[in-house]
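Written out below as structure tokens is the structure these notes cover.
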DNA sequence: AGCACA
């Protein structure tokens, strides 16, 4: 009766393999926040990132300065690059600048939590997302933080590697550096496959995969180089998840984007539309397609079904990180 | 603007 389950000991005392022994700087320094930024906003922005250990806002200077500690220098650098040029608040025109810090963030026992927070509780580490505190994990899908978290994440039992425990087939998560208005809104009828255009010449498959593969409903993607322009096809499990991403990542800017935001359109030739031996093939017109898709097509008339879930509850603090696209891109006329 | 693969 007194035997404590061994696996619990692992959870309560993660004892990260080789973190504090390094002298190397594994802290990032972030500027560009609006003056009214909250400590919690920084934490919520970063806590999903692999290797995140703690963060702190410093308000003593002219402008708020953010510091965030990661498990390794490589993880810190990955986070730094992902935060670079992130549009933190498009209303105040806040664009983040991130660098490696001069020295590591000093974390006292209570971590970055305010004094009012239960001091006996461990500082939030990368392992805490297994116990969501606000809402179901699936409700947390801010555009700035694609869903690399809950469903695909590997708990801290994994030995650390440069990618923070991601399996080899996967790729480090990528957050948009920001959003830019899309030029041409001509599009095809909604389907389960997205066509991504207006990508930079240097955009890599890994970068695209890092952005899209964590999105809800993601199935597969294919990158195509066409001389100067790179395009990409992404299949989703159904039309509504494709619609969510079409909406949420429209105009997303990657670090390699050199011509504005990506253009997301529905594919002219979606995955799974053509099957061998479908006989008559009397469907390609425009209205109805295959019987299996007919029910999904209904969803197109009520796109609202896809959006509210992503907006989460009113008390979710992640919303301000990047305003919901519905209020920024769709409803807003082209303000430059 | 550029729509492949099954």
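In the numbering used here, the protein residues as written are 3 to 338. Quick reminder that beta carbons are idealized off the backbone N, C-alpha and C, glycines included.
Evaluate residue 91 with the Cβ neighbour count: other Cβ atoms within 10 Å of its Cβ, from every protein chain shown; 16 or more gives buried, anything less gives exposed. buried
Using the rule of at least 16 other Cβ atoms within 10 Å of the residue's Cβ for burial, across every protein chain shown, is residue 26 buried or exposed? exposed
Would you call the CB atoms of residue 190 and residue 249 closer than 9 Å? no
- prompt: When burial is assigned at 16 or more other CB atoms within 10 Å of the CB, is residue 204 buried or exposed?
  reply: exposed
- Message: Taking the straight line between their C-alpha atoms, what separation do you get for residue 212 and residue 175?
- Response: 4 Å
Item to complete: Report yes if the C-beta distance between residue 77 and residue 51 is below 9 Å; otherwise report no.
Response: yes
- What residue ranges within the stretch 176-259 form continuous alpha helix (DSSP H) runs of no fewer than 4 residues, ordered along the chain? 207-214, 241-250
Going along the chain, which unbroken runs of the alpha helix (DSSP H) with 4 or more residues stay wholly within the stretch 54-108? 75-85
Would you list the residues sitting across from residue 31 in a DSSP beta bridge? 69, 101
**Study point:** residue 45 - DSSP class collapsed to helix/strand/coil
**Key:** helix
In whole angstroms, give me the CA-to-CA distance for residue 262 and residue 109. 39 Å
query: In this structure, what does DSSP give as the bridge partners for residue 273?
result: Partner(s): none; residue 273 has no beta bridge.
Requested in this report: Identify whether residue 267 lies in helix, strand or coil by the three-state DSSP scheme.
Outcome: strand
task = Count the other C-beta atoms from every protein chain shown that fall within 10 angstroms of the C-beta of residue 228, then say buried if there are 16 or more, exposed otherwise.
result = exposed
Which residue from 75, 61, 59, 259 puts its Cα closest to that of residue 177?
259
Sequence-distant residues of the same chain with beta carbon closer than 7 Å to residue 148, five excluded per side = Note that residue 148 scores a pLDDT of 39, beneath 50, so its modelled location is shaky and nothing firm can be said.
Exercise. Quick one, which of 56, 104, 256 has its alpha-carbon nearest residue 179's?
Worked result: 256
| request: Please go through the same chain and pick out, in chain order, the residues whose beta-carbon is closer than 7 Å to the beta-carbon of residue 182, but skip the five residues on each side of it. | output: 253, 255, 262, 263
Going by beta carbon distance, what residues of the same chain come within less than 8 Å of residue 87, once the five residues before and after it are set aside? 97, 98, 99, 179, 180, 255, 257
So is residue 94 buried or exposed if we call it buried at 16+ other beta carbons inside 10 Å?
exposed
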